[in-house]
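Numbering (my numbering), first residue to last: 94 to 829.
Glycine included, every Cβ here is placed at the ideal spot set by N, Cα and C.
Since we're looking at a predicted model, the values are computed, not measured.
Worksheet: one structure, shown below.
This is the structure:
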């Protein structure tokens, strides 16, 4: 065999991408604010001063009754505010006392604050999404597209006409060369280029996009850095991916989820019940003759109905979508976010999710009569033209373990044989010698075609590697099999612990892989998944999803290829990779802009966090209503008694005194304290609603116990403390 110099031998590779400014692309893609290269806006804190100022206007605009009507609880509060305001104005004409006027006016003011604070929570949540949208909108510039009118295959030299990007229609083919912005969403039909997608993903490292396969989709607003591509537009004006992103992060298309609708029905029902109760008290209020009785009844109603969760419910849902956006995941609807929180089964692709995605050469296993060094030498030579991570790892292993380096090429007529899907092997020809490496069956067929025999031990070695979760690559020289390269999938560190967390949450994990069942079983055991689907095809994926759904389970999966589209569409939560095909992105109900398959676990956690936050604040809201009863109900009857019969007022007060367990100063301060606390608690809970309850991997029973202990008990205790403090402050200020 001729001596080869591994260090000097040049294998045919794709031409590299030359970026201006040096080899580090992160230093070359910096741009002005609002231009591609900047990540979407992230508010520095929950109460970012800029967002607060922007939320004030919408908070007042939402006072429109037509807007409030969408939220029955806050609509009732607004109607109550209007009634008390009318009573306050009428008091000037009816000769009401100064004390009564102050009471009615002050109560009316805080009722309005209750509505405004609830609007503020929603506006602040929407504002955080709009800040994202503003950045995205600035990336969408009016680009002149070069629409191809006469095509010449294999070259960018074509006849084109310039057309504004906004006038492009679905089906148009455009030419985009280095330095130009891709004018619209589409599929590359010809060419290969390096593309800066930082305007969409926030990641400054460029990516390679080429025609054919699963890396052909491109997004309007991204920039070509090198070479050229011909793109067929796949969306009409206003329907691009960027347009949908802007609309979605602004919350314009956010629909209420089934659980949210059910909760709205519940709190609307409670509101109706309490309204009937208050209406039944109206005869007593008329009999008492108290001029402020209407105000007292309105205050009682507002404090009894679940205003806290009613004011925060919408903000919780919007904030859930915003938390996904902050993780560079775009949810097509609030329904998808909530479904992620209810997922029972996770379908996870093995490569890139459970494993690192790049198999590494771990060992050379020679056949009987073959020296391991001879096998390593042949394996290294066959991998010189292999630019895959697996091929490079074979070269490195041979160098590090056997010192195979420093060889020289005597014959310049060396032919590298690239890997193809048809042959399923690669290699090298030189000086009459042919070396091949590839799949076991492909190499067996190759050796036999040259008249060689296959040692019986080969099948045993190949099966042993597969059983251990590895991938066997057989190496042959001319008509003789030399041995097997053991490629090992590296399971990601900490992934077993993540699966343990999901298991504690009651979520079952299923690994999807194209590997044979033996390999799949070994990796599944090492990773700690609950089950696996080997030799997966689009049909078997669909069958598995339908089986799980038929059993009442919610299923989530991730994918990026056209072959994943049916399963993504069938899944309850389908997360498509932004780097994938248009078909995959249209089939899923979420898009991961970072194209990180592992993020599916984070998405589930965000969904769980949304449900935990809604449940916790609902528990708190209902619980704190219980405490407010003790403040306002005794006060209401006491006020009526004082006005109806002042001479016996002390007797009435003494009779109702045992109910005044908070020790409030007077009926007036009790009512005012309850109304003020009712308004302030909404604004105090806004950070929790926007940030969400801290996620913990707990079962449903554990979460329920925790919510009852922290938010249930806390919801009862907080009003006792808060109302008492406000009562003391009002008393100090001379309000009695």
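Nearest neighbour of residue 287, chosen from 683, 797, 321 [CA to CA]: 321
Secondary structure, alpha helix (DSSP H): runs of 4+ residues fully inside the segment 597-637: 610-620
For residue 684 and residue 666, the rounded distance between their alpha carbons: 11 Å
Endpoints, beta strand (DSSP E) assigned at residue 325: 316-326
When 452, 414, 312 are compared against residue 699, the one with the closest alpha-carbon: 414
Distance between residue 192 and residue 185 (C-alpha atoms, nearest Å): 12 Å
Residue 347 to residue 432 span [Cα, whole Å]: With a pLDDT of only 49 at residue 347, under the threshold of 50, the placement of this residue in the model should not be trusted; the figure read from the coordinates follows. Distance between the alpha carbons of residue 347 and residue 432: 14 Å.
Continuous beta strand (DSSP E) stretch holding residue 287: start and end: 279-289
CB-CB length for residue 622 against residue 604, believed under 8 Å: 5 Å
C-alpha distance - residue 553 paired with residue 278, whole-angstrom precision: 50 Å
Top-ranked residue by Cα proximity to residue 318, from 555, 449, 301, 327: 301
Residue 819 versus residue 788: straight-line alpha-carbon distance, rounded: 33 Å
The beta strand (DSSP E) enclosing residue 531, as first and last residue numbers: 526-531
Boundaries of the beta strand (DSSP E) in which residue 523 is found, first to last residue: 518-523
Cβ-Cβ separation, residue 515 to residue 44 (assumed contact under 8 Å), whole Å: There is no way to answer for residue 44, as the model of the chain reaches only from 94 to 829.
Expected contact under 8 Å - CB spacing of residue 327 and residue 674 to nearest Å: In fact, because the Cβ distance is near 10 Å, the residues do not count as touching under 8 Å.
Close Cβ partners of residue 547 (< 8 Å) along its chain, the five nearest in sequence each way excluded: 537, 540, 541, 574
Integer Cβ distance of residue 718 from residue 276, believed to fall under 8 Å: About 56 Å separates the two Cβ atoms, so there is no contact after all.
Validate contact between the segment 800-818 and the segment 420-431 using beta carbons, cut 8 Å, 3 pairs: no
Runs of beta strand (DSSP E) lying entirely within the segment 168-222, each at least 3 residues, in chain order: none
Straight-line gap, residue 625 to residue 444 (C-alpha atoms, nearest Å): 13 Å
Alpha carbon of residue 702 to alpha carbon of residue 709, nearest angstrom: 10 Å
The segment 446-457 touching the segment 569-585, judged by at least three CB pairs closer than 8 Å: yes
Contacts around residue 243, its chain only, beta-carbon distance under 8 Å, and the 5 residues preceding and following it disregarded: 251, 252
Exposure label - residue 365; buried when at least 16 CB within 10 Å: exposed
CB contact flag (residue 519, residue 486, <9 Å): no
Beta-carbon contacts of residue 810 that lie in its chain and below 8 Å, excluding the five residues immediately before and after: 720
Residues sharing a beta bridge with residue 581, DSSP: 453, 563
Residue range of the unbroken beta strand (DSSP E) whose run includes residue 667: 666-670
Beta strand (DSSP E) runs wholly inside the segment 369-442, at least 3 long, in chain order: 422-424, 438-442
Sub-9 Å separation of residue 173 and residue 204 beta-carbons: yes
Exposure label - residue 620; buried when at least 16 CB within 10 Å: buried
6 Å CB neighbourhood of residue 161 in its chain, flanking five on each side removed: 167, 168, 171
Euclidean distance between Cα positions of residue 591 and residue 817: 46 Å
Sequence-distant residues of its chain with Cβ nearer than 6 Å to residue 678 (five each side left out): 669, 684
Residues near residue 824 by beta carbon distance below 7 Å, same chain, minus five either side: 758, 762
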